[in-house]
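Sequence lines, in order, name chains A and B. Heads up, the first sequence is in my numbering, so the first residue is 270 and it goes up one at a time. Heads up, the second sequence is in my numbering, so the first residue is 270 and it goes up one at a time. The beta carbon of each residue, even a glycine, is placed where N, CA and C say it ideally should be. Given the structure is predicted, the values throughout are model-derived calculations rather than measurements. Following: one structure in structure tokens, then a few remarks.
2 protein chains.
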Amino acid sequence: MTTSYFSTADRSRWLEMAAGLDPVLAHQVAQPCAVVAFHPDLAAFQGWRVERSDDARAGLERLWRDGDQVDFDFGTHVVGRLRMRWESGPAGLDAPVRLRVLLGEVPLEIAAPREPFHSNMLPRSWLQEETITVDELPASIDLPRRYAFRFVRIEILGLSPRHEIRLAKLEAVAEAATFNEPGPLPDDVAPLLRQIDATAIRTLRNCLQSVFEDGPKRDRRLWLGDLRLQALANGVTLRRFDVVARCLLLFAGLCREDGIVEACIYHRPRPHRSGNVMADYALLFAPTLLDHASMSGESALAAELWPVAARQVELITGALDGSGRLPAGHPYGWTFIDWNPALAREGPFLGLAVYCLRAAARLARLVGDDDRRTAFTTRAEHLSAVVREVWMHDPETFRDPFAGQTSVALTAWMVLGEVVTDVQARACLHRTLADTSAQQPAGPYLMHHLAHALFIAGAPSDALGLIERYWGAMIARGADTFWEIFLPGNELASPYENAQLNSYCHAWSCTPSWLLRAL
Amino acid sequence: MTTSYFSTADRSRWLEMAAGLDPVLAHQVAQPCAVVAFHPDLAAFQGWRVERSDDARAGLERLWRDGDQVDFDFGTHVVGRLRMRWESGPAGLDAPVRLRVLLGEVPLEIAAPREPFHSNMLPRSWLQEETITVDELPASIDLPRRYAFRFVRIEILGLSPRHEIRLAKLEAVAEAATFNEPGPLPDDVAPLLRQIDATAIRTLRNCLQSVFEDGPKRDRRLWLGDLRLQALANGVTLRRFDVVARCLLLFAGLCREDGIVEACIYHRPRPHRSGNVMADYALLFAPTLLDHASMSGESALAAELWPVAARQVELITGALDGSGRLPAGHPYGWTFIDWNPALAREGPFLGLAVYCLRAAARLARLVGDDDRRTAFTTRAEHLSAVVREVWMHDPETFRDPFAGQTSVALTAWMVLGEVVTDVQARACLHRTLADTSAQQPAGPYLMHHLAHALFIAGAPSDALGLIERYWGAMIARGADTFWEIFLPGNELASPYENAQLNSYCHAWSCTPSWLLRAL
């Protein structure tokens, strides 16, 4: 018989508490605002220019024949259902009608062919489309799933050559845990930053469903690293602390026998594990719980889940060797940090471990666990000393001595781990940012940590500049919500070998709202 | 203001009576009996041989991966719903699953590619298929429509490359107005004819839904010519006279302002006209009503709808000229008779008109309308004399003097119209059947009328021989239900330029049961 670190009673209680916090989703009807056409254009985002060709009404007033196809634009990113009503034309109908509906967050998903499909990693079923056959008209058709989209292509795949039909209604019913608007930004915030903030809030809201999803198109799933960033933005905007609590309870309730929490979990059809553990995500449980307590002003959940947070920190930081590295072959040796495949991850991970130890020490203080407070503080200081001795090339340069590598990830996480003074941190960041040989961030997740580190190091104007340059560049390319992946020089970059599969409303990109409001 | 021949009150009453007779459908669960493979084979029906490759269980016990495809055989023709239950494999599921289901009455519909689609007449939406995307497993999936099929292909179009899924259940829920079994055939009926009878009854049952549909795959619609033949077979087998009455009432209630009944109507989403009139089908309202009264033993409906039957006969036969032809440009000049495009239709139509006049005269007698009885009898005799004078080349040969054509259709309908004696009729039929220059029947609808004529003319062994040869040839080719179109020498013949669109369970082919039991 296996003895599990947390009792079945504890884990069941956490799952029950999570179930009790399942939010009632709110709804808002959205209408298409235009009929558009997509044109190949090397100067446009991902090579496709969108041109308004008519009012949305034009698509509703016309008669459709077999083979017809119309592209609608809903004007902004929507997460929800799609409803249509079709009527027969003046001559009636003598055969079933077959329609295909393609939905896309960005023009590429609609304008570029979906076949032949290419990805060795993800299946084509992530591409949003439905084929519907209707025997009789009039018919009201609610497409069967929830979608994430701005653009909708409707094609008539089969219709009697003697008949025409009419689209009497096309509307979306947007879904989210809340449509409340957050309070305004301070008056002195610049227009571009205000636009970035609004886009970040839309990103957050569209991911805020029954759980904080990483992306409402893909993976539609609760990841711990994403949750932490969403919870930060949520704390200063939509303030749905109940959903944050629900998500933390789900991770806790689904922890493994040894007490480790998984990197992502599924809440449907019933909460269950994914089988993935990532050391960095597991450690981040502690700061997520701490931030929740401090932003919500409620410490009950921190007390309830403190043993889980402490367990992650003990299990993982306890295994670090004298250089602050997890031994080769450690079962939880996989870390994410960033998409960049050339990145040496041990250094940034060590910085993250110190960051999480400090957060855990603060949590220990909050819940009155003096022994662990002392232990975690001591370990954080010890590892900081190891960093300064082993992982610094000079007082202004963090450097991985094993991989022989400098990287933005390494410097940012060492700064966040507060292993050096503010002044030194600022110098390190500036030097790394000027170092063309340093490994660069490959996505918004690490960009957030860099911006955060710049604020922490007392370089807010650098941080704001970064936000304007990086998130602003997405806005300039037409983003209604911020993306999972964005490399300014390679708009078709995709970890999945197919940019149609990328998520274009992705939680971990929503942090400018927190950076602008909290720091 | 238009004055309509029948009052709004009459027509509304007929539609209300029809609504009151809408049958409650019965259901029966059917299981697949095998996994099969289709092989190109010039010796097999339509070029595709079906081979059993395993138990149906094999498809249910296996794990399915992306791109997998399995063909199931339900063992016989089923009209109804399809239900599946899918479960995730041992590793769970991390992405939506997309499935495509193709359904077919015959191997050609599954085995031959559906694209590129070709038909200038009918749309591809008649080809039965569904694409379904499921976000979570386990999932019970009821495909959204009613289908007509024996074979079902399931293809996995999108599934995470790291995962497998399992088909935990696949079953059909057959639908029909009744699953009652008719009484047995006489003991002396030969085995092949018994098999033909059973297949005919299955054909009838699978078309016997909320109305008598022409074909449950296509057109799923109430046609008057088909109804008449179904009602005959129904009268001696399933005996759902209520549904026959309902259908006649629908035709009557939807008649046009001038009182003509349409050739086909739609009963869904609410009863409405199709806009098609065919002179032969309109005339056949009278014999259909007469047969209903005599087979059901109830004359109330005959009395109710007698004015409608009489109106068709008066409107159409009253317009025939001195040679028994409708004048050029007559608004109801279109007749069906048979698919054969080379067939001269005026002669067979004249025979049909006499047949219908005689039936109308009998109906007049039944309802006590002596004036019309006399008028219709007189007109039938007058037209018979015209036929004998104008449309016979010699006492044993009917011949269209205008088109210079002999045809099976002409002789059969003249015999059914009883324009000559039995002995003469028999001689005419034998001569036509031996005449290689005569236009031949192009489908089961006219084959029925030929067989009926052979019985009427006192040549039952010729009639039985025809049934064995023609309907038996469908059985030999694997028919579970009889087909809309069958030319023994051209199995891919299709009036729609695409044999995948043909209906393989078609009402007008179900008459052997009536011919064997009633004649």
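- Neighbours of residue 366/B in chain A, taken as residues whose beta carbon is under 7 Å from its own, are 394 in chain order.
- Beta-bridge partners assigned by DSSP to residue 399/B: 370/B.
- In the DSSP assignment, residue 724/A falls within the alpha helix (DSSP H) that extends over 713–725.
- By the criterion of a C-beta distance shorter than 7 Å, residue 387/A is surrounded in its chain by 766, 767, once the five residues flanking it on both sides are discounted.
- Under the three-state reduction of DSSP output, residue 386/B falls in the coil class, being neither helix nor strand.
- Sequence-distant Cβ neighbours of residue 356/A in its own chain, meaning closer than 6 Å and more than five residues away, are 406, 407, 435, 437.
- Under DSSP, the beta-bridge partners assigned to residue 666/A are 663/A.
- Between residue 678/A and residue 606/A, the C-beta gap is smaller than 7 Å, which places the two residues in contact.
- Residue 753/A and residue 784/A have their C-alpha atoms some 18 Å from each other.
- Shortest Cα-Cα distance from residue 571/A to any of 449/A, 283/A, 459/A, 645/A involves 283/A.
- If you compare the alpha carbons of 727/B, 673/B, 714/B with that of residue 611/B, the shortest gap goes to 673/B.
- The beta carbon of residue 485/B does not come within 7 Å of any beta carbon belonging to chain A, so the residue lies off that interface.
- Judged by DSSP in its simplified three-state form, residue 529/A adopts coil rather than helix or strand.
- Legend: CB atoms of the segment 322–338 of chain A lying less than 9 Å from CB atoms of chain B belong to residues 335.
- At least 7 Å separates the beta-carbon of residue 621/B from that of residue 645/B.
- Segment contact: the segment 548–563 of chain B against the segment 486–493 of chain B, three or more CB-CB distances shorter than 8 Å; contact assigned.
- Annotation: Cβ neighbours of residue 405/B in chain A (cutoff 9 Å, chain order): 535, 537, 538.
- Taking 7 Å as the threshold, the shortest C-beta distance from residue 409/A to chain B does not fall below it.
- Per DSSP, the continuous beta strand (DSSP E) segment holding residue 353/B begins and ends at 338–357.
- Inclusion of residue 732/A and residue 720/A in the CB contact set at 7 Å is warranted, their separation being smaller than that value.
- Among the CB atoms of chain B, none fall inside 7 Å of the CB of residue 479/A.
- Residue 609/B places its beta carbon 7 Å or farther from that of residue 443/B.
- Under the 7 Å criterion on CB atoms, residue 428/A is classed as interfacial with respect to chain B.
- For residue 424/B, the secondary structure class from DSSP, reduced to helix, strand or coil, is strand.
- Taking a Cβ-Cβ cut-off of 9 Å, the neighbours of residue 414/A in chain B comprise 365, 402, 403, 404, given in sequence order.
- Cβ neighbours of residue 325/A within its own chain (closer than 7 Å, five residues either side excluded): 300, 301, 302, 303, 304, 341.
- With a beta-carbon spacing of about 7 Å, residue 373/B and residue 397/B fall inside the 8 Å limit used to define contacts.
- Of the candidates 364/A, 465/A, 416/A, 364/A places its Cα closest to the Cα of residue 430/A.
- Across the structure, residue 730/B and residue 458/B are spaced so that their CA atoms are roughly 12 Å apart.
- Beta bridge pairing from DSSP links residue 492/A with 533/A.
- Bounds of the alpha helix (DSSP H) holding residue 631/A are 615–636.
- DSSP, reduced to helix, strand and coil, places residue 312/B outside both helices and strands of the structure shown, so it counts as coil.
- About 5 Å separates the CB atoms of residue 343/B and residue 419/B; that is less than 8 Å, so the two are in contact.
- The continuous stretches of alpha helix (DSSP H) do not include residue 439/A, which lies in the beta strand (DSSP E) extending over residues 434–445.
- Rounded to the nearest angstrom, the Cβ distance from residue 722/B to residue 676/B is 13 Å, too far for a contact under 8 Å.
- Contact note: residue 475/A does not reach chain B at a C-beta cutoff of 7 Å; the least C-beta distance is about 17 Å.
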